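Engineer:
Residue numbers (the working numbering): 30 to 384.
(1) Report whether the distance from the Cβ of residue 121 to the nearest heavy atom of the ligand SAM is below 6 Å.
(2) Starting from residue 235, trace the alpha helix (DSSP H) both ways and give me its first and last residue.
(3) Please state the DSSP three-state secondary structure of residue 282.
(4) Check the DSSP bridge columns for residue 39 and list the partner residues they point to.
(5) Taking 8 Å as the cut-off, does the region 68-80 touch the region 265-279 (at least 3 CB pairs, one atom from each stretch)?
(6) Under a three-way DSSP split, which group does residue 251 fall into?
(7) Could you pull the DSSP bridge partners for residue 331 from this structure?
(8) Can you tell me where the alpha helix (DSSP H) with residue 105 in it begins and where it stops?
(9) According to DSSP, is residue 147 part of a helix, a strand, or is it coil?
(10) Once the 5 residues before and after residue 373 are set aside, which same chain residues still bring their CB inside 8 Å of it?
(11) Can you grab the Cα-Cα spacing for the pair residue 332 / residue 314, in whole Å?
(12) Could you give the first and the last residue of the continuous beta strand (DSSP E) run that contains residue 297?
(13) From what residue to what residue does the beta strand (DSSP E) around residue 180 run?
(14) Provide the residue(s) that pair with residue 243 in DSSP beta bridges, ordered along the chain.
(15) Beta-carbon of residue 157 versus every beta-carbon of chain C: anything under 7 Å?
(16) Quick one: what's residue 345 bridged to in DSSP?
(17) Which residues in the same chain as residue 326 place their Cβ atom closer than 6 Å to its Cβ, once the five residues preceding and following it in sequence are excluded?
(18) So what does residue 94 bridge to, in DSSP terms?
(19) Smallest Cα separation from residue 208: which of 274, 150, 118 and 230?
(20) So residue 179 and residue 147 are in contact, right, with Cβ under 8 Å, and what is the actual spacing, rounded?
(21) Which stretch, first to last residue, makes up the alpha helix (DSSP H) that contains residue 59?
(22) Excluding the 5 residues flanking residue 103 on each side, which residues of the same chain have their C-beta closer than 8 Å to its C-beta?
(23) Is residue 45 helix, strand or coil by DSSP?
(24) Is the region 111-128 touching the region 47-57 in the sense that three or more CB pairs, one from each, lie closer than 8 Å?
(25) Is the beta carbon of residue 218 less than 7 Å from the beta carbon of residue 226?
(26) Determine the burial state of residue 160: buried for a count of at least 16 other Cβ atoms within 10 Å of its Cβ, exposed for fewer.
(27) Are there three or more Cβ pairs, one per stretch, closer than 8 Å when the region 161-170 is compared with the region 73-93?
(28) For residue 7, which three-state DSSP category applies?
(29) Distance check for residue 45 and residue 99, CA to CA, integer angstroms please.
(30) Rounding to the nearest angstrom, what Cα-Cα distance links residue 75 and residue 175 in this structure?
(31) Which class does residue 195 belong to by DSSP, given the choice of helix, strand or coil?
(32) Can you tell me which of 169, 141, 87 and 257 puts its alpha carbon nearest to the alpha carbon of residue 39?
(33) Using a 10 Å radius around the Cβ and a threshold of 16 neighbouring Cβ atoms, would you call residue 61 buried or exposed?
(34) Give the single residue among 254, 50 and 362 whose Cα lies nearest to the Cα of residue 154.
(35) Closest to residue 328 by CA distance: which of 63, 81, 224 and 183 is it?
(36) Which partner residues of residue 79 appear in the DSSP bridge assignment?
What follows is the structure, given as structure tokens:
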């Protein structure tokens with residue numbers, strides 16, 4: 030956790046009920062390359078498996094904050110209670126059967142820091158089975174764009190609701206700012222003043238997309254587990270899910286977010302700054318240098334990466350990013366970056382011979 034701040038920058042929230050995959054989910058949160066976080070565990074389970082695993086991990090990791098709910102709150106209320114206890118400026122939910130890739134939190138937090146008009150960050154997410162095997166893509170997790178992109182919020186919401194396809198993913202797939210969701214009323218699983226608990230993740234995404242744009246990262250940063258013990262597999266869930274989609278669509282039309290017409294494609298722009306946008310490149314370099322001087326290494330890395338994507342043969346930018354990687358402890362990556370930088374600085378043999 031950041032020693033210069035009373036609060037962590039990111040809250041990873043695990044709403045736990047079944048112990049089967051909990052330890053793997055918790056371990057994936059603990060091994061993040063981004064350390065300025067807390068891990069909130071809300072335990073709704075009837076047994077002691079989750080408690081034992083969480084308390085054992087917490088003995089070695091002070092970032093873990095464990096709470097046993099007695100009586101059990103139920104999924105939606107547990108999510109709300111954990112959100113209320115958490116302190117991070119950014120929030121990352123993690124279901125007890127899902128997994129985060131090691132760089133998930135760092136990359137998503139960097140996006141929220143760098144792009145203030147964005148209210149939601151998600152990525153490609155994998156579908157895995159009970160043993161962790163790859164289940165391949167379906168209509169929901171197939172990439173909507175082929176590269177890291179900014180998605181227009183309204184068109185993304187219209188596409189999601191119109192196609193009834195949660196391409197953003199379950200709660201484990203996305204990250205957002207606390208303040209952008211905290212104003213939902215009467216609770217965080219509400220949109221347009223009405224609660225919609227049965228499809229809570231889509232409700233949250235709809236609220237966030239009504240306020241700003243999204244960033245979609247094309248790399249896989251999370252894995253959502255599909256297994257027989259999920260609530261979605263119980264009898265009657267399909268009908269409940271369809272009714273929840275109907276309700277969200279009705280609320281979105283009432284709020285003017287969608288118009289009821291057949292949804293078109295999502296309006297998207299590549300996230301990388303184009304080389305001809307020289308003013309934005311200069312801004313990224315300037316702000317990256319300021320962030321580095323101020324000790325905000327994750328923001329500095331993000332900004333120098335944005336600049337490097339626009340100017341991939343600029344040796345100074347690559348060297349600056351290498352310095353940040355060294356400071357972050359990523360020595361192998363830093364040395365590779367420095368080698369690329371020096372190769373660009375070195376004049377060609379023909380140039381050296383005066384050709």
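Backbone N, C-alpha and C fix where the C-beta goes; we use that ideal spot for every residue, glycine too. Computed from a predicted model, the values in this text were never measured in an experiment.
Structural biologist: In short, the structure shows the following:
(1) Absent from the structure shown: the ligand SAM. Ligands present: none.
(2) Unbroken alpha helix (DSSP H) run through residue 235: 229-238.
(3) DSSP, reduced to helix, strand and coil, places residue 282 within a helical segment of the structure shown.
(4) Looking at the DSSP assignment, residue 39 forms a beta bridge with 66 and 119.
(5) Contact fails between the region 265-279 and the region 68-80, because fewer than three Cβ pairs, one in each stretch, are under 8 Å apart.
(6) Reduced to three states, the DSSP call for residue 251 is strand.
(7) Per DSSP, none; premise fails for residue 331.
(8) DSSP places residue 105 in the uninterrupted alpha helix (DSSP H) bounded by 104-114.
(9) Annotated three-state conformation of residue 147 is strand, per DSSP.
(10) Only residues of its own chain outside the window of five on either side were considered, and among them 342, 343, 344 and 347 have a CB closer than 8 Å to the CB of residue 373, listed in chain order.
(11) Spanning the two alpha carbons is a distance of roughly 7 Å.
(12) Per DSSP, residue 297 belongs to the beta strand (DSSP E) from 297-299.
(13) It spans 178-180 - the beta strand (DSSP E) in which residue 180 sits, taken as one unbroken run.
(14) Here residue 243 is bridged, per DSSP, to 149 and 180.
(15) No chain C is part of this structure, which consists of one protein chain only.
(16) In DSSP, residue 345 forms no bridge with anything.
(17) Contacts found: 353, 356 and 357.
(18) Per DSSP, 69.
(19) Residue 118 is the option with its Cα nearest to residue 208.
(20) 7 Å between Cβ atoms; contact.
(21) Unbroken alpha helix (DSSP H) run through residue 59: 51-59.
(22) Once the five neighbours on either side are set aside, the close Cβ partners of residue 103 are 73.
(23) Of the three classes helix, strand and coil, the one that applies to residue 45 here is strand, per DSSP.
(24) They touch, by the three-pair rule.
(25) Residue 218 is a Cβ neighbour of residue 226, given a cutoff of 7 Å.
(26) So residue 160 counts as exposed.
(27) Taking 8 Å as the limit for Cβ pairs, the verdict is that the region 73-93 does not touch the region 161-170.
(28) Shown here, the chain extends from 30 to 384; a query on residue 7 therefore has no answer.
(29) The C-alpha of residue 99 lies about 13 Å from the C-alpha of residue 45.
(30) A straight line joining the alpha-carbon of residue 75 with that of residue 175 spans about 43 Å.
(31) Of the three classes helix, strand and coil, the one that applies to residue 195 here is coil, per DSSP.
(32) Comparing alpha carbon positions, the residue from 169, 141, 87 and 257 closest to residue 39 is 141.
(33) By the neighbour-count criterion, in which 16 or more other beta carbons inside 10 Å mark a residue as buried, residue 61 falls on the buried side.
(34) Closest option to residue 154, judged by alpha-carbon separation, among 254, 50 and 362: 254.
(35) Among 63, 81, 224 and 183, the Cα nearest to that of residue 328 belongs to 63.
(36) Per DSSP, none; premise fails for residue 79.
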